[in-house]
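Numbering-wise, the sequence shown is residues 5 to 518 according to our numbering.
Shown next, in structure tokens, is the structure this report addresses.
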Amino acid sequence: MNEQQKKQMTINLEPSSADKKSGQKKDYGVYFQTTFTQPSLKEAKRRGKEDVQVHYDFDIPEDMRGLGKGRKFLVRTYGCQMNEHDSENMAGILLDMGFEPTTQTEEADVILLNTCAIRENAENKVFGEIGHLKPLKTEKPGLIIGVCGCMSQEESVVNKILKKHQHVDLIFGTHNIHRLPFLLKDAIFNKEMVIEVWSKEGDIIENMPRARRGQLQGWVNIMYGCDKFCTYCIVPYTRGKERSRLPEDIIAEVRDLARLGYKEITLLGQNVNAYGKDFDDMNYGLGDLMDEIRKIDIPRIRFTTSHPRDFDDRLIEVLAKGGNLVEHIHLPVQSGNTEILKLMARKYTREQYIELANKIKEKIPNSTLTTDIIVGFPNETEEQFADTLSLMKEMEFDSAYTYIYSPREGTPAAGMEDNVPLEVKRDRLQRLNDVINELSALKNKQLEGKIVEVLVEGESKKNPEILSGRTRTNKMVNFAGDKSIIGEIVYVKIIEAKTWSLNGQVVENVEVKV
Ligand code: 5AD
Ligand code: SF4
């Protein structure tokens, strides 16, 4: 935490009467200067050299512990797994403050929207939800509506909320989740909009409470932030610079999850294989970390999301050891055309990506690759898009997340002129999805008759008589079975392949596995 943040934190804990007096009532009804910290994308872009401290002394003051008594909370999560992870921290803090969870919007006394800024439609969804909550707030003035997550880190979003959504009570960002008890207390008692968003990342807080959503699959964050600055992406601004957690803290968390009976963990980071690059006193990367974690008695270990540029030989060598390290690698390529990759600042060529992907396939037996693609980057030509289509076929990805490019304010790409009409972008997305669906169906077809290992997650969403789970390579499998096997690892023979899922039958004696 820098000096300014420290000062702000002290002031914020207990606004003195002098502060209260001098805290001018600001435009839009915000009282205390001290609780009004606006984000700045420009500021967020700076990458300082200052040391990141690790803290193990998170605590909720006694007077805030009872604040939630008789009150209910709901945290609604948008976007990626990192947000899911952060929501688990928020829920943990709220439980420790005495709040009870609810899934019913009407019942909640505190509603937190943990938002995503990655594309415009993600933001529109949140603004829609903020609008929907207005009548509830009018009906129930004591309701606290909070907006947090990546959108809060954007100045334009905070300004829009200030101007158009005065019924929001609290705005905080991705770097100060640990401040939730103080900010919530302020929001409850001051009855004025409380805004505290740190543009610069703070320290790592290790011991925040955590209410995990499941008892089977757990998220383990291993690093924060991203320094890659791909030209289209807002994440380096909303999540700050790369900061890795210490290996011993991560290993202790995974051991805990193993003791609690978790069957699968996913190591998380916005740019997960840059893990360790910020340690200046040791040479220790994701490969080294996974080599230690694989010795822990937990059946499956995944990681997401990796950047091709940081996928080193040490990581491949460790993943090739298999065991609980699953052979599914999500390796976003974004485009199959070298010129577009250059404009995106991805720092690899089409050929380098292919070389890496082939190395992974060769060294890691039975591995499946999935990817992310953006179509319609500014001025993308039909020929450049055709390179993306041909790469899909050449690499035979098992599946891909595909997106139309969405300009994000403050990023370099948002300043590029763009001559590609939206209909053309939509058409490219459709054509890309057709190719990917064909590939997925083909890949799934190859599994017919094979026996796969499945972690049984629960009842199928479409049919409660059917169970569903995932293979090591993250494919969804549906099959009939007794509910008692939920949470177990079973073997299933694939009977029928569909485009996005597989149907099968549980088998007892297994010799061949995939
Ligand atoms: N527009 C469209 N897609 C984007 N992504 C990131 N930023 C943008 C953007 N501005 C996609 C990338 C990334 C995934 C998480 O979201 O494909 O890998
Ligand atoms: Fe965004 Fe991922 Fe690029 Fe980081 S590596 S800037 S999170 S797309």
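Glycine residues also receive a C-beta, built at the ideal position from the N, C-alpha and C atoms.
CB contact check: L147 to chain D, cutoff 8 angstroms
Absent from the structure: chain D. Only one protein chain is present.
How about H311 and N287: do their beta carbons lie closer than 8 angstroms?
Their beta carbons are not under 8 angstroms apart, which means H311 does not touch N287 by this criterion.
Verify the contact flag: Q450, CB atom, against every heavy atom of the ligand 5AD, threshold strictly below 7 angstroms.
For Q450, the shortest separation between its Cβ and any heavy atom of the ligand 5AD does not lie below 7 angstroms.
For K397, does the count of other Cβ atoms within 10 angstroms reach 16, so buried, or fall short, so exposed?
With a 10 Å radius around the Cβ and a threshold of 16 neighbouring Cβ atoms, K397 comes out exposed.
Beta-carbon gap between H59 and D260 smaller than 8 angstroms
Against a cut-off of 8 angstroms, the Cβ pair of D260 and H59 comes out as no contact.
Can you find the residues in the same chain that come closer than 8 angstroms, C-beta to C-beta, to K365, ignoring five residues on each side of it along the sequence?
The residues are S371 and L373.
Around the ligand SF4, Cβ to any heavy atom closer than 6 angstroms, ordered along the chain:
Output, sorted by chain position: C230, K232, F233, C234, C237, V239, P240, Q274, N275 and H311.
Between the C-alpha atoms of D391 and T308, what's the straight-line distance to the nearest angstrom?
Per the coordinates, the alpha-carbon of D391 lies some 25 angstroms from the alpha-carbon of T308.
On a CA-only basis, which of A256, L272, C237 and R123 is nearest S248? Give me that one, please.
Measuring from the Cα of S248, the nearest candidate turns out to be L272.
Where does E500 sit, in a helix, a strand or coil, going by DSSP?
Reduced to three states, the DSSP call for E500 is strand.
Exposed unless 16 or more other CB atoms sit within 10 angstroms - verdict on P425
With fewer than 16 other Cβ atoms within 10 Å, it is exposed.
Touch test, the segment 125-145 against the segment 179-193, Cβ-Cβ under 8 angstroms, three pairs minimum
No, the segment 125-145 does not touch the segment 179-193.
CA-CA distance, K449 and V510?
When only Cα atoms are considered, K449 and V510 end up about 18 angstroms apart.
Per DSSP, what are the beta-bridge partners of C234 in this structure?
In DSSP, C234 forms no bridge with anything.
Less than 8 angstroms between the CB atoms is what I'm expecting for L116 and G150, so what's the real figure, rounded?
Beta-carbon to beta-carbon, L116 and G150 are separated by about 4 angstroms, close enough to satisfy the 8 angstroms threshold.
With DSSP as the reference, label T242 as helix, strand or coil.
Three-state result, T242: helix.
Output the boundary residues of the alpha helix (DSSP H) element that contains F389.
Per DSSP, F389 is one residue of the alpha helix (DSSP H) stretching across E386 to M399.
Own chain partners of I255 with C-beta closer than 7 angstroms, once the 5 adjacent residues on each side are dropped
Result list for I255: E296 and I297, in chain order.
Starting from the N-terminal side, write out each stretch of the alpha helix (DSSP H) that is 4 residues or longer and does not extend beyond the segment 140-195.
For the alpha helix (DSSP H) assignment, the uninterrupted runs of no fewer than 4 residues enclosed by the segment 140-195 are, from N- to C-terminal side, 159-168 and 184-194.
Would the beta-carbon of Q157 be found less than 7 angstroms away from any heavy atom of the ligand 5AD?
Outside the cutoff, so no.
According to DSSP, is Q57 helix, strand or coil?
Q57: coil per DSSP, three-state reduction.
Within 10 angstroms of the Cβ of A361, are there 16 or more other Cβ atoms? Answer buried if so, exposed if not.
Buried, because 16 or more other Cβ atoms sit within 10 Å of the Cβ of A361.
I'd like to know whether the C-beta atoms of A235 and M348 end up nearer to each other than 8 angstroms.
Going by the sequence as given, residue 235 is Thr instead of Ala. Closer than 8 angstroms, so yes.
Smallest Cα separation from L174: which of N118, N482 and E442?
Ranking N118, N482 and E442 by Cα distance to L174 puts N118 first.
Can you find a heavy atom of the ligand 5AD that lies under 7 angstroms from the Cβ of D376?
Placement of the Cβ of D376 at a distance of less than 7 angstroms from at least one heavy atom of the ligand 5AD is found.
I269, enclosing alpha helix (DSSP H) - first and last residue
I269 -> not in any alpha helix (DSSP H); beta strand (DSSP E) instead, spanning E268 to L272.
Please find out if some non-hydrogen atom of the ligand 5AD comes closer than 7 angstroms to the beta-carbon of Y228.
False, no ligand heavy atom lies under 7 angstroms from that Cβ.
In this structure, what does DSSP give as the bridge partners for Q108?
Looking at the DSSP assignment, Q108 forms no beta bridge with any residue, so it has no partner.
Indicate, with yes or no, if the ligand 5AD has a heavy atom lying under 7 angstroms from the CB of I122.
Residue side-chain check: I122 places its Cβ nearer than 7 angstroms to a non-hydrogen atom of the ligand 5AD.
Going by beta-carbon coordinates alone, are I97 and P185 separated by less than 8 angstroms?
Less than 8 angstroms separates the beta-carbon of I97 from that of P185.
Suppose contacts are defined by Cβ-Cβ distances below 8 angstroms. Is L451 in contact with G473 by that definition?
The answer is no: Cβ separation not under 8 angstroms.
For the ligand 5AD, any of its heavy atoms closer than 7 angstroms to the Cβ of Q219?
Because no heavy atom of the ligand 5AD lies under 7 angstroms away, the Cβ of Q219 does not count as near it: no.
Check whether the segment 64-79 and the segment 94-109 are in contact - that is, three or more C-beta pairs closer than 8 angstroms.
Short answer: they touch.
Please list, in chain order, all residues of the same chain as P303 whose beta carbon is under 8 angstroms from its beta carbon, the five residues on each side excluded.
The answer, listed in chain order, is K267, E268, N328, L459 and I493.
Using only CA atoms, which one of E400, F401 and I408 lies nearest to F389?
The candidate whose alpha carbon is nearest that of F389 is I408.
Less than 6 angstroms between C-beta atoms, sequence neighbours within five positions excluded: which residues of the same chain meet that for D314?
Listed in chain order, the non-local C-beta contacts of D314 below 6 angstroms within the same chain comprise N277 and A278, local neighbours out to five positions each way being set aside.
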